[in-house]
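S.K.: So in the numbering used here the end of the sequence shown lands on 296, straight run, no missing numbers.
Idealized CB from N, CA, C, for every residue including glycine.
Fair warning: this is a prediction, and the values are worked out from it, not measured in the lab.
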Amino acid sequence: MMNGRSVRSMLIRNQEPNGMVADSVPKSIQFDESSDDYRCLCNCFHVKTGALLVGVAEIVMLVFFFVNSLLVFAAQDKSYHKATGLSDSFVSGPFIASMIGIGISSLVVLLLFIGIARNCAVLLIPHIVVQVLIIIVLLLALIDGIIAFSTNSTLFYRLLNAAPFNEHPGTNTVSLDTENSVRVYGTFVLYAISFAVECWFIVIIYNCNRYLDERRVYMLYCLTFSTPMKTLSAR
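1. Going straight from the alpha carbon of residue 153 to that of residue 132, what length do you get?
2. Going by C-alpha to C-alpha distance, which of 183, 164, 130, 165 sits closest to residue 277?
3. Could you tell me whether the segment 202-222 touches the segment 264-278, where touching means 3 or more Cβ pairs closer than 8 Å?
4. Check whether the segment 230-247 touches the segment 95-115, taking contact to mean three or more Cβ pairs, one atom from each stretch, closer than 8 Å.
5. Within 10 angstroms of the Cβ of residue 115, are there 16 or more other Cβ atoms? Answer buried if so, exposed if not.
6. Taking only the alpha-carbon atoms, compute the straight-line gap between residue 126 and residue 208 and give it to the nearest angstrom.
7. Between residue 275 and residue 195, how many whole angstroms is the CB-CB distance? I'm expecting something under 8 Å.
8. Would you identify the three-state DSSP class for residue 72, choosing helix, strand or coil?
9. Following the continuous alpha helix (DSSP H) through residue 130, name the residue where it begins and the one where it ends.
10. If we count the other Cβ atoms within 10 Å of its Cβ and call it buried at 16 or more, is residue 206 buried or exposed?
11. If you drop the 5 nearest sequence neighbours on each side, which residues of the same chain put their C-beta closer than 7 Å to that of residue 191?
12. Can you give the beta carbon distance from residue 199 to residue 187, rounded, assuming they're within the 8 Å contact cut?
13. Considering only DSSP beta bridges, list what residue 234 is partnered with.
14. Using the Cα positions of residue 257 and residue 285, report the straight-line distance between them to the nearest angstrom.
15. Based on DSSP bridge pairs, tell me the residues matched to residue 100.
16. CB residue 155 to CB residue 213, shorter than 8 Å?
17. For residue 94, which three-state DSSP category applies?
18. For my contact list, residue 181 and residue 273 are in at a C-beta cut-off of 8 Å; report their separation, rounded to the angstrom.
19. My output table needs one value for residue 283: the three-state DSSP class, helix, strand or coil.
20. In three-state terms, what does DSSP make of residue 179?
21. Short of 8 Å in beta carbon distance, which residues of its chain neighbour residue 163, apart from the five on each side in sequence? Order them along the chain.
22. Would you identify the three-state DSSP class for residue 268, choosing helix, strand or coil?
23. Could you give the distance in angstroms between the alpha-carbon of residue 174 and the alpha-carbon of residue 246?
24. Ignore the nearest five residues each way along the sequence and tell me which others in residue 20's own chain have a CB closer than 6 Å to its CB.
This is the structure in structure tokens:
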């Protein structure tokens with residue numbers, strides 16, 4: 062069967078009836094870049110193109126989260142905390158964590174683009190690892206949001222990092238005004254969408270990584286045994 066997965070047999074030599082392996086005659090392999098195994102996004106794009114689109118979409122998401130974090134941090138009234146003696150660690154903590162996460166995510170997206178441009182599967186691995194971590198963090202954020210909505214807990218609202226607000230001294234709960242409530246619920250919905258999208262994106266990046274790895278194996282096979290690269294395009 063002509064498909065991308067058949068390349069996994071690449072370095073298996075023809076086997077003699079007595080069980081010995083004939084190293085001089087390699088087993089023929091097949092690699093078809095146009096195979097449906099290497100399609101994504103409802104079979105509309107090749108996985109390399111799909112991975113590039115994922116990278117662009119993630120840049121847009123990172124810019125949004127960066128701007129939102131800056132707005133939340135800048136709009137927070139720090140003089141209120143100084144006047145009331147409250148700690149502002151719950152304000153600066155989520156902001157710092159967001160900046161670190163955005164920085165790491167930006168780096169792995171850059172590696173993703175380089176890996177796709179150079180057909181290097183290894184450079185996609187950091188992106189997959191960070192995607193797994195992001196999916197876990199988004200899941201925790203959704204759980205945090207549900208707890209915040211159920212209890213009105215100041216701590217859990219702070220961890221959402223969705224809107225600036227000032228809690229009352231000596232209380233562990235907060236009542237948000239209409240504007241901040243809209244921002245919090247809007248951010249929660251965005252987290253939910255991001256969680257679903259990242260679960261979809263990681264499949265595309267994984268398949269692109271598999272494609273690049275199998276492409277490398279096929280090229281190595283062709284170069285080793287001087288076989289024409291009949292099914293290899295100039296991607």
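M.R.: Reading from the atomic positions:
1. Along the sequence shown, one-based indexing puts residue 153 at 92. Along the sequence shown, one-based indexing puts residue 132 at 71. So the two alpha carbons sit approximately 12 Å from each other.
2. Residue mapping note: residue 277 aligns to position 216 of the sequence shown, counting from 1. For the residues 183, 164, 130, 165, the minimum Cα distance to residue 277 belongs to 183.
3. no
4. no
5. Start at 1 with the first residue of the sequence shown, and residue 115 comes out as number 54. Residue 115 is buried by the Cβ-count criterion.
6. Position 65 of the sequence shown, counted from the first residue, corresponds to residue 126. Position 147 of the sequence shown, counted from the first residue, corresponds to residue 208. Spanning the two alpha carbons is a distance of roughly 22 Å.
7. Mapped onto the sequence shown, residue 275 falls at position 214. Mapped onto the sequence shown, residue 195 falls at position 134. Not a contact, Cβ separation roughly 26 Å.
8. The residue given as residue 72 occupies position 11 in the sequence shown. With a pLDDT of 40 at residue 72, under the threshold of 50, the modelled position of this residue cannot be trusted; read the value that follows with caution. Here residue 72 sits in coil by DSSP.
9. Along the sequence shown, read from residue 1 onward, the residue named residue 130 stands at position 69. Element bounds for residue 130: 108-136.
10. For the purposes of this step, residue 206 is identified with residue 145 of the sequence shown, where counting begins at 1. Answer is buried; the Cβ neighbour count reaches 16.
11. Locating residue 191 in the sequence shown gives position 130, counting from the first residue. The answer, listed in chain order, is 165, 166, 169.
12. Along the sequence shown, read from residue 1 onward, the residue named residue 199 stands at position 138. Along the sequence shown, read from residue 1 onward, the residue named residue 187 stands at position 126. Incorrect: roughly 18 Å between the Cβ atoms, too far for contact.
13. Position 173 of the sequence shown, counted from the start, is the residue given in the question as residue 234. Residue 234 is bridged to 214.
14. Stepping through the sequence shown from its first residue, residue 257 is reached at position 196. Stepping through the sequence shown from its first residue, residue 285 is reached at position 224. Each residue's alpha carbon lies about 43 Å from the other.
15. Locating residue 100 in the sequence shown gives position 39, counting from the first residue. DSSP, once it has assigned bridges, lists 107 as partnering residue 100.
16. For this step, residue 155 is matched to residue 94 along the sequence shown. For this step, residue 213 is matched to residue 152 along the sequence shown. Not in contact: residue 155 and residue 213 (Cβ atoms no closer than 8 Å).
17. Indexing the sequence shown from 1 puts residue 94 at position 33. Residue state, collapsed to three classes: coil.
18. Along the sequence shown, read from residue 1 onward, the residue named residue 181 stands at position 120. Along the sequence shown, read from residue 1 onward, the residue named residue 273 stands at position 212. That pair is a contact at about 7 Å.
19. In the sequence shown, counting from the first residue as 1, residue 283 sits at position 222. DSSP places residue 283 in helix when its eight states are reduced to three.
20. Working through the sequence shown from its first residue, we reach residue 179 at position 118. The answer is coil: DSSP assigns residue 179 none of H, G, I, E or B.
21. In the sequence shown, residue 163 corresponds to position 102, counting from 1. Once the five neighbours on either side are set aside, the close Cβ partners of residue 163 are 123, 126, 127, 130.
22. Position 207 of the sequence shown holds residue 268. If DSSP states are grouped into helix, strand and coil, residue 268 belongs with the helices.
23. For the purposes of this step, residue 174 is taken as residue 113 along the sequence shown, with counting starting at 1. For the purposes of this step, residue 246 is taken as residue 185 along the sequence shown, with counting starting at 1. Residue 174 and residue 246: Cα-Cα distance of roughly 33 Å.
24. With the chain covering only 62 through 296, there is no way to say anything about residue 20.
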